[in-house]
């Protein structure tokens, strides 16, 4: 699907033949993100639909306490140091960004007065700047007003290398921020910035107060007392925080949205494990909300029957996939396995890659292992058949694999294994230790055996596999085997960063201590060019077409074999109302609007 | 006596130094990385991670890191957590009350059950009561706490829906409700730990009383015309307690060990759950501090057991 097809789709939305939501779903199916879809709709002049709230309260508070459960406990409350989503979510109770992403990827203004766009002139046509107008009646929990100075300060704070802020990736494309007046800021970018909402929006966009942090910038950032006792603009103010255990908040009486929030108190308890957290919401009703239900779907279904709560499933961008090594993991060059100076002796044959692609039975993986929590995605493209290009269709077909291998000259030997020129079709297939993954490995191994391919299964403790320790050969960036499988995450609302895992300059190697983002070591000039073009392309439709092309290149060359799409799952009490999850933002993106039936 | 105490304390210094060196080496050699989450997040540039590693001294050679830790520790500086960036002593002090409350009540429960039952069993050995008590005691210490914990949750929280299974350190209620909520949520973890301890303690108590009750001074006491109650409390139980107390003192570190698992199951925000979370997050300074405290506990309770001998049995003296 190219630019022309995308424009046709937009036209259908304009004529009312295709619903907005369906359009968004199709774009997501293409491996893109809902925020990109929203951008396209806005640029085509199609107004966005807003999330509707069932409760329209006439006064603030009165809702009692809302109890939420995170099986990973939050450990710190400074959004710029967040060690994973648990910390981002906990910070979101108290801090807010300029804009949040709703389930369809639209930007919803939070601390901003309105959303910048090309139409209202706040996004410059050349993509070099964006102007944010800030809401005027916003006060911090300590009563001080929120102004443009705070926005400018956050950028300075993050950009100071001594601060070591983990959010710096979203802010370093900004060359300067001009304060136009007390409530208007203009972000000036180093180069045209199609994804101008990277900074100050969503989970990495939360804003901390200048007056409490300015003395603790850089080296002293760890010492700020406000790291543990946040003072934000959010619907709740901090009452108590015990790292690794509990976060408690109470209603912020001068919150900037009228008659919100509904609850007087909020509690976010951390620790334990996912199944018992699910029980606490679905079975005993002790808690109202539980995050990230990594529990087998079968069990969730059984507990849901109690009628106390439900598993809420929302699509995001997590893809469980198998990577195929482009380099030779079994030959050491200059003390490095999988060196880019080598070529994989067997996987360099496209026929073998194609055969492996049809030997992964995604249907069974979904049906027997993941259920609702892992949707088979033969490749990134799941849109209706008429939009799916023929050469990227997915299937499970052992006969076809056999034909492909026969045609390429891989002959079966006496042991049933195929071989050619003395090289056998024998691979080592690694993943982290995790029950569903081991089951998936088995399914793939059985299918491969039928096609004369032998897979040796290897499972590595998650602690090792996902570590960045350059000295350990078993980590996923080192990739010292033929195949490996894990979930890669595209929670960020723009695929640019996500897709850099296939560009040639990100190849993980000894030189960059395996910190490179491209473990498959695949290098392709066409892909590199498309990626660079997308980085500065301001027309959202053209840009989407570039990403589709990148996806196609990866799939056609079988650089990776996608297995299942893993949506986000939360457990929500049936008494809760207006708890809407967004796959593009944190669980608390609309916390101020949550309410509960008496 | 004080000379003995001084000698024992001095001996324990090299012991603790050795333990800490071994712990530190094992932790440093173990795979894993506190910034693992950042490594898999495409939005976080690799430089940030490298920078943090350098800043927290993770790239330095092992002996240097250990030396730095020892020097800081000697000055009373426990370091700070890589994960929450909070000082380690603050973190531990936050967790201590919950652990002490749960462990203290559990030990109290164990003593209240074990001493009367053990004594009564010994007074009437091989009676029905003794048989039942023995059977229950064997079941009690053969079942690990993580199993009984889950069983309790299933029974009392899920089927009967009587007790909450998630422990909350700060409960917002006030007055009698505050106490009631605390008691309710502490019931299961305390019972799990208390019954486990009580099981073995009952057996010790029974054996000790059986030993003592046949001795001549018990007969003498009876012959003097002391009432059965006085004989039992002042002569039998007091002497029987000597080995039991020692065993209890030596068991304290084990109890802390058992509490780690129980705290995790019931989400009790104590030292044990802090240790587990820190191990999972590869948060070396916290793991180091907590394990070091546990090893101090072993050394100290051994010393305490030896000193208690002398106090309970004046015939034992320390030269």
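Chains as they are written, first to last, in this note's numbering: chain A, 2 to 599; chain B, 3 to 321.
No residue lacks a Cβ here, since even glycine has one placed at the ideal position from N, Cα and C.
The structure displayed is predicted, hence computed values, not measured ones.
Counting C-beta neighbours from all protein chains within 10 Å, is the total for residue i 16 or more, i.e. buried, or is it exposed?
i: residue 26 of chain B; result: buried
i: residue 37 of chain B; result: buried
i: residue 9 of chain A; result: exposed
i: residue 383 of chain A; result: Summary for residue 383 of chain A: the model assigns pLDDT 40, below 50, so the residue's position carries little reliability; its value from the coordinates is reported in the next sentence. With 16 or more other Cβ atoms within 10 Å, it is buried.
i: residue 80 of chain B; result: buried
i: residue 73 of chain B; result: exposed
i: residue 324 of chain A; result: buried
i: residue 243 of chain B; result: buried
i: residue 512 of chain A; result: exposed
i: residue 106 of chain A; result: buried
i: residue 163 of chain B; result: exposed
i: residue 99 of chain A; result: buried
Rounded to whole angstroms, what's the CA-CA distance from residue i to residue j? Just pull it up for me.
i: residue 579 of chain A; j: residue 276 of chain B; result: 34 Å
i: residue 185 of chain B; j: residue 269 of chain B; result: 15 Å
i: residue 47 of chain B; j: residue 448 of chain A; result: 38 Å
i: residue 467 of chain A; j: residue 517 of chain A; result: 14 Å
i: residue 15 of chain A; j: residue 43 of chain A; result: 11 Å
i: residue 366 of chain A; j: residue 463 of chain A; result: 21 Å
i: residue 121 of chain B; j: residue 432 of chain A; result: 57 Å
i: residue 182 of chain A; j: residue 112 of chain A; result: 16 Å
i: residue 595 of chain A; j: residue 343 of chain A; result: 55 Å
i: residue 312 of chain B; j: residue 144 of chain B; result: 33 Å
i: residue 92 of chain B; j: residue 234 of chain A; result: 27 Å
i: residue 184 of chain A; j: residue 177 of chain B; result: 47 Å
i: residue 179 of chain B; j: residue 598 of chain A; result: 24 Å
i: residue 45 of chain B; j: residue 280 of chain B; result: 24 Å
i: residue 287 of chain A; j: residue 313 of chain A; result: 18 Å
i: residue 83 of chain B; j: residue 75 of chain A; result: 13 Å
i: residue 423 of chain A; j: residue 348 of chain A; result: 15 Å
i: residue 374 of chain B; j: residue 473 of chain A; result: Nothing in the structure corresponds to residue 374 of chain B, since chain B is present only between 3 and 321.
i: residue 219 of chain A; j: residue 163 of chain A; result: 4 Å
i: residue 253 of chain A; j: residue 194 of chain A; result: 36 Å
Can you give me the start and stop residues for the alpha helix (DSSP H) that residue i sits inside?
i: residue 22 of chain A; result: 21-30
i: residue 502 of chain A; result: Element bounds for residue 502 of chain A: n/a, residue is neither H nor E.
i: residue 550 of chain A; result: 541-557
i: residue 177 of chain A; result: Taken as a continuous stretch (DSSP letters only), residue 177 of chain A belongs to no alpha helix (DSSP H), being part of the beta strand (DSSP E) at 175-182.
i: residue 282 of chain B; result: 273-282
i: residue 31 of chain B; result: 4-31
i: residue 210 of chain A; result: Premise fails: residue 210 of chain A is in no alpha helix (DSSP H) and is neither H nor E.
i: residue 536 of chain A; result: 526-537
i: residue 55 of chain B; result: 48-57
What span of residues does the beta strand (DSSP E) with residue i cover, start to end?
i: residue 252 of chain A; result: 247-252
i: residue 270 of chain A; result: 266-271
i: residue 100 of chain A; result: 100-102
i: residue 237 of chain A; result: 237-243
i: residue 420 of chain A; result: 419-421
i: residue 268 of chain B; result: Counting along the chain, residue 268 of chain B falls outside any beta strand (DSSP E), though it belongs to the alpha helix (DSSP H) covering 240-268.
i: residue 79 of chain B; result: It is not in any beta strand (DSSP E) - residue 79 of chain B carries neither H nor E in the DSSP assignment.
i: residue 433 of chain A; result: 427-433
Does the beta-carbon of residue i, which I'm using as the reference point, lie nearer than 7 Å to any heavy atom of the ligand MN?
i: residue 547 of chain A; result: Annotation note on the ligand MN: not contained in the displayed structure, which lists no ligands.
Since residue i and residue j should fall inside the 8 Å C-beta cutoff, what is the C-beta to C-beta distance between them, to a whole number of angstroms?
i: residue 428 of chain A; j: residue 484 of chain A; result: 6 Å
i: residue 35 of chain A; j: residue 585 of chain A; result: 6 Å
i: residue 131 of chain A; j: residue 47 of chain A; result: Rounded, the Cβ-Cβ distance is 21 Å, inconsistent with contact.
i: residue 1 of chain A; j: residue 488 of chain A; result: Limits of chain A in this structure are 2 at one end and 599 at the other, which puts residue 1 of chain A out of reach.
i: residue 505 of chain A; j: residue 290 of chain A; result: Incorrect: roughly 43 Å between the Cβ atoms, too far for contact.
Problem set entry | Three CB pairs or more closer than 8 Å across the stretch 392-409 of chain A and the stretch 445-462 of chain A | yes
Problem set entry | Interfacial residues, the stretch 56-67 of chain B to chain E, with Cβ spacing under 7 Å | No chain E appears in this structure, whose protein chains are A and B.
Problem set entry | Stretch pair the stretch 187-197 of chain B + the stretch 147-163 of chain B: three plus CB contacts closer than 8 Å | yes
Exercise. Quick check: the stretch 302-321 of chain A against the stretch 538-548 of chain A, are there 3 or more CB pairs under 8 Å?
Worked result: The stretch 302-321 of chain A vs the stretch 538-548 of chain A: no contact.
Problem set entry | the stretch 491-509 of chain A in contact with the stretch 346-361 of chain A per 3-pair CB rule at 8 Å | no
Exercise. Do the stretch 109-120 of chain B and the stretch 191-210 of chain B meet, that is, are 3 or more Cβ pairs less than 8 Å apart?
Worked result: yes
For this session: Could you say if the stretch 58-66 of chain A and the stretch 255-265 of chain A meet the contact criterion of at least three C-beta pairs nearer than 8 Å?
Result: Cβ pair count under 8 Å is three or more, so yes.
For this session: Taking 8 Å as the threshold, find out whether the stretch 95-103 of chain A comes into contact with the stretch 224-240 of chain A through three or more Cβ pairs.
Result: yes
Exercise. Is the number of C-beta pairs between the stretch 5-23 of chain B and the stretch 120-130 of chain A that are closer than 8 Å three or more?
Worked result: no
For this session: Say whether the stretch 171-179 of chain A touches the stretch 140-159 of chain A, bearing in mind that this needs 3 or more beta-carbon pairs closer than 8 Å, one atom from each stretch.
Result: yes
Problem set entry | Sufficient close CB pairs (3 or more, under 8 Å) joining the stretch 203-215 of chain B to the stretch 290-306 of chain B | no
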